[in-house]
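As structure tokens, the structure follows; a few thoughts come after it.
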Amino acid sequence: MKNAIQHIRAFLAVANSGSFAKAALELNLSPSALTVQIQQLEEWLGVTLLERSPRQVSLTSAGQNNRGPMEKLLLDLDNIVSGSRDLVALRRGVVTIAALPSLCAGALPPILKTFREQFPGVEVRLRDVVAQRIDTLVRDGEVDFGVGVRARMNHGLNFQVVMMDRLSLFVPARHALAKRSSITLSELAGEPIILTGRDSSVRERVEQLFSEQGLMLTPGLEANYMSTVMALVRQGLGMTLLPESADEGRGDLVQVRVEHAGVNREIGVITRAGTGLSPAAARFIEMMKAGMSTQP
Numbered sequence: 387m388k389n390a391i392q393h394i395r396a397f398l399a400v401a402n403s404g405s406f407a408k409a410a411l412e413l414n415l416s417p418s419a420l421t422v423q424i425q426q427l428e429e430w431l432g433v434t435l436l437e438r439s440p441r442q443v444s445l446t447s448a449g450q451n452n453r454g455p456m457e458k459l460l461l462d463l464d465n466i467v468s469g470s471r472d473l474v475a476l477r478r479g480v481v482t483i484a485a486l487p488s489l490c491a492g493a494l495p496p497i498l499k500t501f502r503e504q505f506p507g508v509e510v511r512l513r514d515v516v517a518q519r520i521d522t523l524v525r526d527g528e529v530d531f532g533v534g535v536r537a538r539m540n541h542g543l544n545f546q547v548v549m550m551d552r553l554s555l556f557v558p559a560r561h562a563l564a565k566r567s568s569i570t571l572s573e574l575a576g577e578p579i580i581l582t583g584r585d586s587s588v589r590e591r592v593e594q595l596f597s598e599q600g601l602m603l604t605p606g607l608e609a610n611y612m613s614t615v616m617a618l619v620r621q622g623l624g625m626t627l628l629p630e631s632a633d634e635g636r637g638d639l640v641q642v643r644v645e646h647a648g649v650n651r652e653i654g655v656i657t658r659a660g661t662g663l664s665p666a667a668a669r670f671i672e673m674m675k676a677g678m679s680t681q682p
């Protein structure tokens with residue numbers, strides 16, 4: 387029935403006030419229009435809801451039985467409307483993001499801080515995982531979007547570049563190479579390199595770079611997490627090739643620029659093709675685009 391909610395509100399106004407005149411005044415309707423709405427509701431339900439007499443209006447048994455469920459229906463509807471408006475206004479909501487560990491440790495925290503300051507009612511859940519896992523989480527709908535490297539985008543995924551990241555050589559401040567402004571891959575051939583785990587996109591890219599140049603990559607120590615790799619370098623156990631974004635800003639490690647075009651890599655937002663984003667997720671992506679540089 388069209389206007390069912392309006393008719394239910396009319397019935398409840400009469401039931402609560404006990405008067406057609408008072409209910410009509412409350413709803414800004416004429417008494418005749420209110421009467422028509424009640425009659426249409428009764429016809430739709432197939433029961434009489436109100437007993438009418440010249441002096442008073444009372445609820446029938448059907449009216450008493452339906453009053454509570456109707457009140458709950460309107461309350462639930464009001465909550466739905468209020469909740470939806472809160473989501474649109476970013477007063478509430480949840481954003482779930484899967485991102486590379488290097489980004490979770492570097493580029494994303496400042497953006498997350500600004501987002502939470504502007505939208506304290508929105509909860510952000512950050513999952514730091516390797517590149518292949520990001521694609522799976524996005525594809526399976528377990529996260530709203532991912533932030534990672536471009537991979538196979540032919541399985542229902544879209545990729546939009548937000549920044550360029552560059553692999554750099556990290557060495558301790560006291561290392562002999564710390565004073566160099568730049569270095570070539572050939573100069574690193576044969577030198578023990580502390581590497582990330584084999585499922586890491588960084589490890590894959592480093593191995594690819596050395597292989598393309600026909601250079602020997604000599605693995606030193608190996609660790610799954612970039613923070614662990616950086617700690618090993620910090621202790622003087624070797625050097626490593628990691629993204630610039632992995633820099634923890636502690637000042638005890640030095641980045642040396644690697645002179646090779648292939649050390650640049652695209653970092654972008656990974657989303658499910660044909661699927662819309664929540665207002666909160668879309669706003670977070672906007673802030674990422676503004677906060678991250680797309681220039682190499």
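The opening position of the sequence shown corresponds to residue 387 in my numbering, with each subsequent residue numbered one higher. By construction, the Cβ of each residue, glycine as well, lies at the ideal position given by its N, Cα and C atoms.
query                                                                                                                                                                                        : result
Taking the alpha carbon of R651 as the point to measure from, which residue in S631, P417, T657 and V642 has its own alpha carbon closest?                                                   : S631
Do S403 and A396 have their beta-carbon atoms positioned less than 7 Å apart in this structure?                                                                                              : no
Please name the residue, chosen from L420, S416, S405 and V400, that lies closest to N389 on a Cα-to-Cα basis.                                                                               : L420
Can you have a look at G660 and say buried or exposed, based on whether 16 or more other CB atoms are within 10 angstroms of its CB?                                                         : exposed
Looking only at DSSP bridge pairs, what is P506 linked to?                                                                                                                                   : DSSP lists no partner for P506.
Who pairs with V443 in a beta bridge, going by DSSP?                                                                                                                                         : R438
Note down the Cα distance separating M687 from F531, rounded to an integer number of angstroms.                                                                                              : Coverage of the chain is limited to positions 387 through 682, which leaves residue 687 absent and any answer about it impossible.
Can you tell me whether A668 is helix, strand or coil according to DSSP?                                                                                                                     : helix
Is the CB-CB distance between G622 and I579 below 7 Å?                                                                                                                                       : no
Since R552 sits in a beta bridge, which residues does DSSP pair it with?                                                                                                                     : N650
Over the uninterrupted alpha helix (DSSP H) stretch that includes E412, give me the two end residues.                                                                                        : F406 to L413
Helix or strand or just coil, what does DSSP make of P682?                                                                                                                                   : Its pLDDT being 45, under 50, P682 is placed unreliably in this model, and the value from its coordinates should be taken loosely. Three-state result, P682: coil.
Does DSSP classify A396 as helix, strand or coil?                                                                                                                                            : helix
For the beta strand (DSSP E) containing L639, name the first residue and the last one.                                                                                                       : L639 to V644
How would you write the range of the alpha helix (DSSP H) that V592 sits in, first residue to last?                                                                                          : S587 to E598
Whole angstroms are fine: how far does the CA of S444 sit from the CA of R669?                                                                                                               : 52 Å
With L581 as the anchor, note down where its alpha helix (DSSP H) starts and where it stops.                                                                                                 : Counting along the chain, L581 falls outside any alpha helix (DSSP H), though it belongs to the beta strand (DSSP E) covering P578 to T582.
Taking a contact to mean a Cβ-Cβ separation below 7 Å, would you say T604 touches G648 in this structure?                                                                                    : no
Does the beta-carbon of A676 have 16 or more other beta-carbons within 10 angstroms, so that it is buried, or is it exposed?                                                                 : exposed
Using 10 angstroms around the beta-carbon of Q681, count the other beta-carbons present and answer buried if the total reaches 16, otherwise exposed.                                        : Reliability of the predicted coordinates at Q681 is poor, the pLDDT of 43 falling under 50, and the value obtained from them is presented with this limitation in mind. Under this definition Q681 is an exposed residue.
Evaluate the contact criterion for the stretch 584-595 versus the stretch 634-643: three or more CB pairs, one atom per stretch, below 8 Å.                                                  : no
Taking the alpha-carbon of L435 as reference, which of Q425, L523 and T582 has the nearest alpha-carbon?                                                                                     : Q425
Return the first residue and the last residue of the alpha helix (DSSP H) that L571 is part of.                                                                                              : L571 to L574
With a threshold of 16 other CB atoms inside 10 Å of the CB of T570, please say whether the residue is buried or exposed.                                                                    : exposed
Taking the C-alpha atoms as reference points, what is the distance between F406 and P417?                                                                                                    : 6 Å
So is T500 buried or exposed if we call it buried at 16+ other beta carbons inside 10 Å?                                                                                                     : exposed
How would you call S572, buried or exposed, if buried means at least 16 neighbouring beta carbons within 10 angstroms?                                                                       : exposed
Starting from the C-beta of P558, find all residues in its chain whose C-beta is less than 6 Å away, skip the five residues before and the five after it, and write them out in chain order. : G622
I want to see whether chain B comes within less than 7 Å of K675, judged by CB atoms only; does it?                                                                                          : Included in the structure is just one protein chain, with no chain B present.
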